[in-house]
Amino acid sequence: MKKFIVLVKKEIKELLTIQMILPLIIMVILFGFIGQIISKETEKFAAPQPILLMNQDAPDSLAIVSDVLKENNLAVSVFNQTDIAAAIVEAQSKRIPALLVIPEKFYQDLKNFQPQELSIYKIVQNFSLLASVKYNMVDQAIKGINSYFSDEWLKEKVSFIEPASLKNPVGAKEFVNINDKTAEVPFSLVMGFIQKQTTFIPIVLFLVIIMAAQMVAMAVANEKENKTFEILLSSPINRKTIIFAKLVGAGIVALLFAATYMVGFSSYMNGVTGGALSGSAGAGITGSLQALGVVVTPMGYVFLGLSLFLGVLVALAIAIILGILADSVKSVQAVTTPLMILILLPYFLITFTDFGALTPAVKWLIYAIPFSHPFLAVGKLMVQDYAFIGAGIIYQLAVFLFFVVLAAKIFSSDKILTLKLNFKKKR
Amino acid sequence: MQKALEVKNLHKNYGNIQAVESVSFDINENEIFALVGPNGAGKSTILKIVATILSPTSGEVFINGEDIHRNADHIRRMISYLPEEAGAYKNLTGLGYLRFMADIYADNASQKKEYLEFAEEISDLKSRLKSKIATYSKGMTRKLLLARTVMSRPKLAILDEPTSGLDVMNAYEIRTVIKKLAKAGMAVLLSSHNMLEVEFLSDRLALINKGVIKASGTAKELKMQNQAENLEEVFMKIAL
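Protein sequences, first through last, are from chains A and B.
Note that this note's numbering has the first sequence beginning at 3, numbered continuously upward.
Note that this note's numbering has the second sequence beginning at 96, numbered continuously upward.
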């Protein structure tokens, strides 16, 4: 046991170098920083957005349009001249994203049931995604103006029916069913909640498995190239102890990295989705989500943690063997490529496709890949399908033991020194 | 007297390639025995088999009278192996590396202390032991590794090309240390393709080519038998 601890300590010291830690810390700070910026920008967009209004019609038009724009969360500034070029310059100088021009006889002609056209000038000063939100708000406001005047027309022509009922005679109550549970809640809110809870878990898992595998394969290849392996193999240590120390050392470092990534991603996600389900909207759907059984329990997190941990361990056990196969440290990238594919395939298929709709052959292929199970567990966690997650964990454990035994066999034989993908230099 | 090492009729094949063929030799306590031959002669393979890293295809190896394949774990406590051009863990300091290896070999704290003191003395790296190995020159790394190899005072030290790639001064210092250790009771099996080094260091030697021992004895005996002025000449006469 003493030798095992000594070896684990050595592994951790070798892996936790300043070159490894520094980029990780920078990444966490950067993610938090980006999250904060996005959060602040989102808050800015929640406030009324400015719009410049030029009226070429009677004052009545200005009052009506201005009120509708304000109802649609726009802050109206009125430009009192009739020169459009001057209005554009004014909007540019005040960083107002849109200019709305009310034409002559606008209100009078509408009263006479003649369709009218407003002119909208969108003043583009950058092409960011968030900036486009401002223009969408203007489009929404135009819809609001249309709705206002169509209501007016309906009140005039079909006064015995409420305009709202006339426009939408059929309403919809939305129910969501998951397994045997049904609740009245919009599907978009359920999806929003699930994505908020789980979006970053597959990303973290993907990064950690790849990083841990590369790390341990690199460590093994490095030991082989530097011949420190030969020194260890000729010393009085059981060879299984060497393998387990490598697994545990890399496992500890991988978990540390996973936790750091989690912190980084969660602070980023909090910034991006911050407050999305807080307040009255959040309180409103909490009951519905509970009724649907879409709740992450502490037990769920334990199962997910186990699945994640075993995923990392399987990757480490395979990476040890791949590290032995590497001809040199430089060839680690090449020998670990099949492992990367085994991680990428389930990640993309489970995250970006409708897994339930895949053919049985593809589904079983995905089930056979041990790294699929943590990705699958994320979804199953929400509906407390612990039997599925548990079966996945048992399968992962079996695969892990298989590769550990295989690694032990290689360590106990000549293959530890002779096994190479480049057979040209066999001796 | 008990032999420190006995190798009997050793064969080693890598697939279809015969790396070692019918090799037999022995080493007494306090003796330095050298395997001399060109690159690819099979020297390193023999050393790795004796170091319990590789298994022989056939043949027997005894260390202090014990079959190395019957009780490899026990054998590994009596031997210590220094591979050719080996490195060390670059993120550790020299002292950190010696501590790590002492922890592996020592049974208790006082033994660890004793091993460390001996290694510090042999390495002669003084305050540089506190520097990271990544900052060491080739000669310093080799001295550190030699100190690590002998720190537990093994019955048999197995040294693969101990001075390979070193400058004259570093090579000389390492040879002097090896001689001193052998005088103090350690048996040494070393490999080299440097005939002058072997003549200076070894008590006895075996000339090996293409996996076969062509001749063995003291340097003086081999030179006399082959009417040669030096070992290089002997090797050229025997090997060709």
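For each residue, glycine too, the CB sits at the ideal point set by N, CA and C.
None of the values given here were measured: they were computed from a predicted structure.
When C-alpha distances from Ala49(A) are compared across Lys72(A), Leu421(A), Ile28(A) and Leu351(A), the shortest belongs to Lys72(A). Proximity of the region 233-251 of chain A to the region 348-358 of chain A falls short of the contact definition, fewer than three beta-carbon pairs being nearer than 8 Å.
Interface annotation for the region 138-149 of chain B against chain A: Thr140, Lys143, Ala146, Thr147, Ile148 and Leu149, criterion Cβ-Cβ distance under 8 Å.
Residue Leu55(A) holds the alpha-carbon nearest to the alpha-carbon of Val103(A) among Leu55(A), Leu308(A) and Leu399(A). Ranked by Cα distance from Ser150(B), the options Phe177(A), Thr361(A) and Ser415(A) are led by Ser415(A). Per DSSP, the beta bridge partners of Glu186(A) are Phe177(A). Uninterrupted alpha helix (DSSP H) stretches at least 4 residues long and entirely within the region 347-378 of chain A occur at 362-370, given in chain order. Taking C-beta atoms as the reference points, Glu92(A) and Phe108(A) fail to come closer than 8 Å. DSSP places Ser153(B) in the strand class (E or B) of the three-state scheme.
Within the region 173-246 of chain B, complete alpha helix (DSSP H) segments of at least 4 residues are found at 189-200, 204-218 and 233-245, given in chain order. For Asn325(B), there is no enclosing alpha helix (DSSP H), as DSSP gives it neither H nor E.
Taken atom to atom, the span from the alpha-carbon of Phe311(A) to that of His106(B) is near 45 Å. Where Phe162(A) is concerned, there is no enclosing beta strand (DSSP E), because DSSP gives it neither an H nor an E. Shown here, Gly312(B) sits in a strand according to DSSP, grouped into three states.
Under DSSP, Met264(B) shares a beta bridge with no residue.
What Ile174(B) touches in chain A, judged by beta-carbon distance under 8 Å, is Ser236, going in chain order. Rounded to whole angstroms, the gap between the alpha carbons of Glu101(B) and Gly392(A) is 55 Å. If you check the CB distance, Arg248(B) and Met281(B) come in under 8 Å.
In the structure shown, the three-state DSSP call for Asn75(A) is coil.
For Glu119(A), the closest of Ala409(A), Val126(A), Ile322(A) and Asp59(A) by C-alpha to C-alpha distance is Asp59(A). For Glu116(B), the CB contacts under 7 Å within the same chain, skipping 5 residues up- and downstream, are His106, Gly306 and Val307 in chain order. Against chain A, a Cβ distance below 9 Å from Phe128(B) picks out nothing, because the smallest value is about 18 Å. Residues of the region 408-425 of chain A with a C-beta atom less than 7 Å from some C-beta of chain B are Asp416, Leu419 and Thr420, listed in chain order. Per DSSP, the continuous beta strand (DSSP E) segment holding Pro52(A) begins and ends at Gln51 to Asn57. Listed along the chain, the chain B residues whose CB falls inside 9 Å of the CB of Thr243(A) amount to none; the nearest CB is some 10 Å away. Leu326(B) is positioned such that its CB atom lies closer than 8 Å to that of Val293(B). Ranking Lys169(A), Ala317(A) and Ala174(A) by CA distance to the CA of Met213(A) puts Ala317(A) first.
Residues of chain B with a Cβ closer than 8 Å to the Cβ of Thr230(A) are, in chain order, Ala181, Gly182, Ala183 and Tyr184.
Measuring C-alpha to C-alpha distances from Ala221(A) to each of Tyr303(A), Ala319(A) and Tyr150(A) identifies Ala319(A) as the nearest. Counting only the Cα atoms, Ile148(B) lies some 38 Å from Gly307(A). Distance from Glu232(A) to Ala181(B) at the Cβ level is roughly 7 Å; contact confirmed, criterion being Cβ atoms closer than 8 Å. Rounded to the nearest whole angstrom, the CA to CA distance from Asn123(B) to Ile395(A) is 56 Å. Between Leu294(A) and Ala185(A), the C-beta gap is smaller than 8 Å, which places the two residues in contact. Under a 10 Å Cβ-count criterion, Thr271(B) is classified as exposed, with fewer than 16 other Cβ atoms of the shown protein chains found around its own Cβ. A check of alpha carbon separations from Gly313(A) across Gln398(A), Ser149(A) and Leu347(A) identifies Gln398(A) as the nearest. Taking the beta carbon of Pro178(B) as reference, the chain A residues within 8 Å of it are Lys229, Glu232 and Ile233, listed in sequence order.
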